[in-house]
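Taking it in order: structure first as structure tokens, then the write-up.
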Amino acid sequence: MPTLKQEFEDIVNEFKVASMTAECQYAFLLECFNVGAKIGDSLKSLSNLVDENGNQMDSNRFEVMIVVNQFAGCDKENREANKETLRTISTFLKTSEAKGVHVHTIFKNYDQEAGRAEAASKLGTDLIKIRQYQRTVDANAFGSVKITPIIPGEPVKL
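Residue numbers (our numbering): 19 to 176.
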């Protein structure tokens, strides 16, 4: 049975997500299945995020972890919606609205439907925590990062 450290190293090696910035204080987690273009509303909301004083938030102070998940055997409609989710993310990142927002997208195909939403949320949370730990070890970085799950398509606030 692998150790927790080995499990974390395996996750990092599998997904190769870029390092967390030293300034990052907030991580927003979106677990997506059958979301489609609605993800664009959340990304636009994040690109216009304001801090506690109502000022435009510096994009280095937060990041977005998106886990798009599907399961083997899901129907064509859900697979197409997931493809649309990925296209919408890609299109958003090419726009001026992205304003340097740090977006990390993971696509995970699960073997079965049962438990995949919870597993996808856990995967996203684990990646954020691992990268937070690496960042803390590698640099003089802020302490903990506040992880906030958000609902795709909903406005985002601190």
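Here a beta-carbon is modelled for each residue, glycine too, at the ideal position from N, C-alpha and C.
If you compare alpha carbons, which of Lys23, Glu49 and Pro167 is closest to Ala138? Glu49
Is the beta carbon of Gly171 less than 8 Å from the beta carbon of Lys101? no
Is it buried or exposed, Ser114, if we count other Cβ atoms within 10 angstroms and call 16 or more buried? Label assigned to Ser114: exposed.
Could you spell out the range, first to last residue, of the beta strand (DSSP E) harbouring Ile124? First-last of the beta strand (DSSP E) with Ile124: His120 to Tyr128.
Would you call the stretch 73-85 and the stretch 35-47 touching, i.e. three or more CB-CB distances under 8 Å? yes
Tell me whether the stretch 29-40 and the stretch 68-75 touch, counting them as touching only if at least three CB pairs, one residue from each stretch, are closer than 8 Å. no
Reference Ile146, options Asn127, Val121, Arg134 and Tyr128, closest by Cα: Val121
What separation, rounded to the nearest whole angstrom, lies between the Cα atoms of Gly91 and Asp129? 8 Å
Helix, strand or coil at Ile84 according to DSSP, with G and I counted as helix: strand
Backbone CA spacing between Arg153 and Lys94 [nearest angstrom]: Computed Cα separation, rounded: 39 Å.
For Leu176, which three-state DSSP category applies? In the three-state scheme derived from DSSP, where H, G and I count as helix and E and B as strand, Leu176 is classed as coil.
Please classify Ile169: does DSSP put it in a helix, a strand, or coil? coil
Taking only runs of the alpha helix (DSSP H) that begin and end inside the stretch 33-105, which ones reach a length of at least 4 residues, in chain order? 57-65
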